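Start counting the sequence shown at 1; every next residue gets the next number (UniProt numbering).
Every residue gets a Cβ at the ideal spot worked out from N, C-alpha and C, and that includes glycine.
Keep in mind that this is a model prediction, so the values were computed, not measured.
Working notes for the structure below.
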Amino acid sequence: MKKLIVFFAIFVMGISAFAQKTHRIMGWKITKDIPLNELKVNLPFTIFGSSPEISYERILNTDISVGASLLASLDTDRNPYQFAFTPYFRWFFGGNRESMQKLAAGFFIEANGSMYSQLMDTGSVLNGAEAENEVSEMGAGLGLAIGWKYLTKNNWVGEIYLGGGRNFLKNDYGAEAYPRLGISIGKRF
């Protein structure tokens, strides 16, 4: 019961923190409602790879944001990744810092971590003939990516990024690295 009360108290405090309409960005006190949340879909994985990847991103400052991506594979024949959870931190460079419209947009460097499940072919030989045998392996690691985010006046977001990371879990068949790439579109709200 105590855990439930503590969880509820933290939940209510979190909601009230996000409900405030006054923001302080670069020392400016801004009372108008500035959209600081984004919801995006990675198009190549969703359309061609039958593995929808959805991302949520929260803008913390004019040049810093944090977020997380969730990928779930519907067809493991096209994409060996069954599941991936990738939290990330982005640092934006360039852009017009005087304009609130271009908040957290432009060129960025991303630091990420990922936990994923991947189907691997063991390539085993049985009685002189190759046998197909797939094993599901877990992986977790850290990585980097670079990219570009474009923001329209209507708060639509488009981004492209490319990078990868290293798997730190030692397993028999798992890959030593994971990719981090995408072309995403979404909405800032």
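Run through the DSSP bridge pairs and tell me what Thr86 is partnered with.
Ser69
Measure how close the beta-carbons of Ala84 and Tyr116 come, nearest whole angstrom, since I'm counting them as under 8 Å.
4 Å
Pairwise C-alpha distance: Asn154 and Gly164
31 Å
In the DSSP assignment, find the unbroken beta strand (DSSP E) run with Leu181 in it and report its ends.
Ala177 to Arg188 is the extent of the beta strand (DSSP E) around Leu181.
Roughly how many angstroms separate the alpha carbons of Phe93 and Thr152, rounded to a whole number?
18 Å
Just to confirm my understanding: we take Asn91, look at its own chain, exclude 5 residues before and 5 after, and list those with CB closer than 7 Å. What are they?
Checking the displayed sequence, the identity of residue 91 turns out to be Trp instead of Asn. Cβ neighbours of Trp91 beyond the five flanking positions: Asp63, Ile64, Phe108 and Ile109.
Three-way DSSP call (helix, strand, coil) for residue 202 in this model:
Because the chain here runs from 1 to 189, residue 202 falls outside it and cannot be looked at.
Relative to the alpha-carbon of Phe48, which residue among Arg166, Asp75 and Leu162 has its alpha-carbon at the smallest distance?
Asp75
Ile160 - containing alpha helix (DSSP H), residue span
For Ile160, no alpha helix (DSSP H) segment is defined; the enclosing uninterrupted segment is the beta strand (DSSP E) at Trp156 to Asn167.
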